[in-house]
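**Q** Before anything else, here's the structure in question.
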Amino acid sequence: MPRDMLPQADGRLFTAEMKAQLQATRRQMYDRLAMLAAPTVMAWYYYGARALWLVCISVLTACVCEAVGRKAVGRHPTLLDLSAVTIGVTVALCLPASSPAWLPMLASSFAVLAAKLPFGTARSLHFSPAAAGLAFVTVCLPQYVFAYPVLPEAGESVPAYGAFAFTEGVSLTELLENRASVGGEFSNYLPVLLGAYPGPMGAGCILALCGALLYLLVRRPGQFTAAAGFLAAAAVYALLFPRVTAGRGQSVAMELCGGMLLFGALFLLSEESFLPKTFYGRLAFGVCGGLFTMLFRRFGAYAEGVMFAVLLAQALTGVFDRLPDAKFPARRRARRRRKQRRAAAAENAAAAPDVQGGAADA
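This note's numbering numbers the first residue of the sequence shown as 916 and each following residue consecutively.
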């Protein structure tokens, strides 16, 4: 047996290339899970054990569907790349804490079985499985997806949607639909920044998501380019075409903080497997995703359209791949080297007369 081929548990061969791809995918998923940690903790802080329960159910469903689906088609298992775990956590955090247990199960099942397994491994995807799963339950069950509960008091639990004790809160997306805002004072936005506002249980704490955005900048700058283009396009659109009558600045703040926009830019749009390869391609990809999101929000049938916008932008990835790569980093380095050579040449030219004069005196 060649040294670069290892036996699997089922007797098939696992090549060194497959092992390298598995390790690369796992490193990406480690980064994504690290970014998802803070939103998960904040969901548990505000909604209690029910939030963690929904996350665990979603992850377990995604893993079972992954294992059973791969086994059914006779392919090697890919649970070790942690992509199914990432899908489960992402799907759950985009849903309300009042969701019945079967809602994240349904979304995660569709995400894995319909949007991931037909395309192979996590490195060969064409669409975000989490976005596809969320789009599926949004179209089929919008009353469950957008029923955000009021934040429970300390020691209280969140009742499921439809229960007698369930009380629906007013989310930022609902305020935007009614052309209202939380107010012009900074103190009014403090609960929004901290996540103390009705909304998706993992997408509400803006400070936690900003920390994840900085982590993305440090660890995955290529993915950050797409997310930055997405957010910039959404902000410019909100500034030019405000839905809030109180002012353009409040419109930008409400649009960026409301719903799943920031969360979607981080965890639905910025996945390495379907991003364009060039700098300008990723930037244009993010800009189109941001514009599509704002158009879905303004003219769509649902209060939130991030998942549909992401899927539409991903369908155009091949177009963005044709854009040229950025040349300015190489140009800066070339200019720096030319300046250094000119400075060295000038120093040598200035030192040459002194050397000649000293030789003449001698």
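The beta-carbon is built from N, C-alpha and C at its ideal position, and this holds for glycine as well.
1. Within its chain, find whatever has a CB closer than 7 Å to the CB of Q1138; leave out the 5 residues flanking it on each side and keep chain order.
2. What does a CB cutoff of less than 8 Å around A1258 pick up in its chain, not counting 5 residues either side in sequence?
3. Spell out the partners DSSP gives E1083 in its beta bridges.
4. Give the single residue among T1001, Q936, G989 and V970 whose Cα lies nearest to the Cα of A949.
5. If you follow the alpha helix (DSSP H) that C1172 is in, where does it begin and where does it stop?
6. Helix or strand or just coil, what does DSSP make of A1153?
7. Which of helix, strand or coil does DSSP assign to E1219?
8. Hey, which unbroken runs of the alpha helix (DSSP H) at 4 residues or more fall wholly within the region 1082-1140?
9. Leaving out the 5 sequence neighbours to the left and right, which residues in its chain are closer than 8 Å to A1075 when beta-carbon positions are compared?
10. For the alpha helix (DSSP H) holding V1202, just list the boundary residues, first then last.
11. Which term fits R1094, buried or exposed, when burial requires 16 or more other beta carbons within 10 angstroms of its beta carbon?
12. Do Y1063 and G1084 have their beta-carbon atoms positioned less than 7 Å apart in this structure?
13. How is the alpha helix (DSSP H) around F1235 delimited, first residue to last?
14. Use the C-beta contact count for Q938: other C-beta atoms within 10 angstroms, 16 or more gives buried, fewer gives exposed.
15. Tell me which same chain residues have a C-beta within less than 6 Å of the C-beta of V1167, skipping the five on either side of it?
16. When the Cα atoms are used, what is the spatial distance from A1143 to Y1059?
17. Determine the extent of the alpha helix (DSSP H) in which G1179 is found, giving its start and end residues.
18. Pull up the distance between the alpha-carbon of P1157 and that of E1170, whole angstroms please.
19. Residues in its own chain within less than 6 Å of F1182 by CB, not counting five upstream and five downstream?
**A** Walking through what the data contain:
1. L1131, S1185, E1187 and L1190
2. none
3. P1064
4. T1001
5. R1163 to C1172
6. helix
7. coil
8. 1087-1092, 1101-1109 and 1121-1134
9. S1013, S1014, P1015 and F1081
10. F1194 to F1214
11. exposed
12. yes
13. T1232 to F1235
14. exposed
15. A1150, A1153 and L1154
16. 30 Å
17. L1176 to G1179
18. 9 Å
19. T1005
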